[in-house]
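Be aware that the sequence shown starts at 3, since it is given in my numbering, and climbs by one per residue.
C-beta atoms are modelled at their ideal positions from N, C-alpha and C, and glycine is treated no differently.
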Amino acid sequence: MAKEFSRSDRIAEQMQRELADLLQFEVKDPRVGMVTVTEVEVSGDLAHAKVFYSAEKGTPELQKGLEKTAGFLRSQLAKRLLLRTVPQLHFVYDASIDNGMKISRLIDDALAQDQDNADKGDA
Numbered sequence: 003m004a005k006e007f008s009r010s011d012r013i014a015e016q017m018q019r020e021l022a023d024l025l026q027f028e029v030k031d032p033r034v035g036m037v038t039v040t041e042v043e044v045s046g047d048l049a050h051a052k053v054f055y056s057a058e059k060g061t062p063e064l065q066k067g068l069e070k071t072a073g074f075l076r077s078q079l080a081k082r083l084l085l086r087t088v089p090q091l092h093f094v095y096d097a098s099i100d101n102g103m104k105i106s107r108l109i110d111d112a113l114a115q116d117q118d119n120a121d122k123g124d125a
């Protein structure tokens, strides 16, 4: 019987929790402000990890700050996780939250416009 979660999935979940904690409390780089780790994908051979993040402002400076702190984060993960080798971290901006907010705003605008048209029809 196959396991419900593969080892890489379990490591990805643990890495997500630890990275969120490290980014919030340990990273001192001013370019890295409030960052939310939305997902971590670890390759099957555990050599690489894509860290998907979102932030209020997804700027190139934030990306550079995260890439600069990758070594520090990796060394801290090595202390916290029981792994022989810690995956290389690759940061990817996750625009799904921005897209969801944009769609929500469009729906709200459409509903408000529909309500205005209905109110004009009643008058």
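Q) Based on the DSSP secondary-structure assignment, which residues constitute the bridge partners of GLU43? A) BP columns for GLU43 point to LYS52.
Q.
Starting from LEU91, trace the beta strand (DSSP E) in both directions and tell me its first and last residue.
A. 90-95
Q | Secondary structure of THR38, DSSP reduced to three states | A | strand
Q: Go ahead and pull the three-state DSSP assignment for ILE109.
A: Annotated three-state conformation of ILE109 is helix, per DSSP.
(Q) Out of LYS81, LYS52, SER77 and GLU58, which one is the CA nearest neighbour of GLU41? (A) LYS52
Q: Select from GLU28, MET17, LEU48 and LEU68 the residue whose C-alpha is nearest the C-alpha of VAL94.
A: In terms of CA proximity to VAL94, LEU68 leads the group GLU28, MET17, LEU48 and LEU68.
**Q.** Among PHE7, GLU43 and MET17, nearest to ARG82 - alpha-carbon criterion
**A.** MET17
Q: Give me whichever residues DSSP pairs with ALA57 in a beta bridge.
A: Answer by DSSP bridge pairing, in chain order: VAL37.
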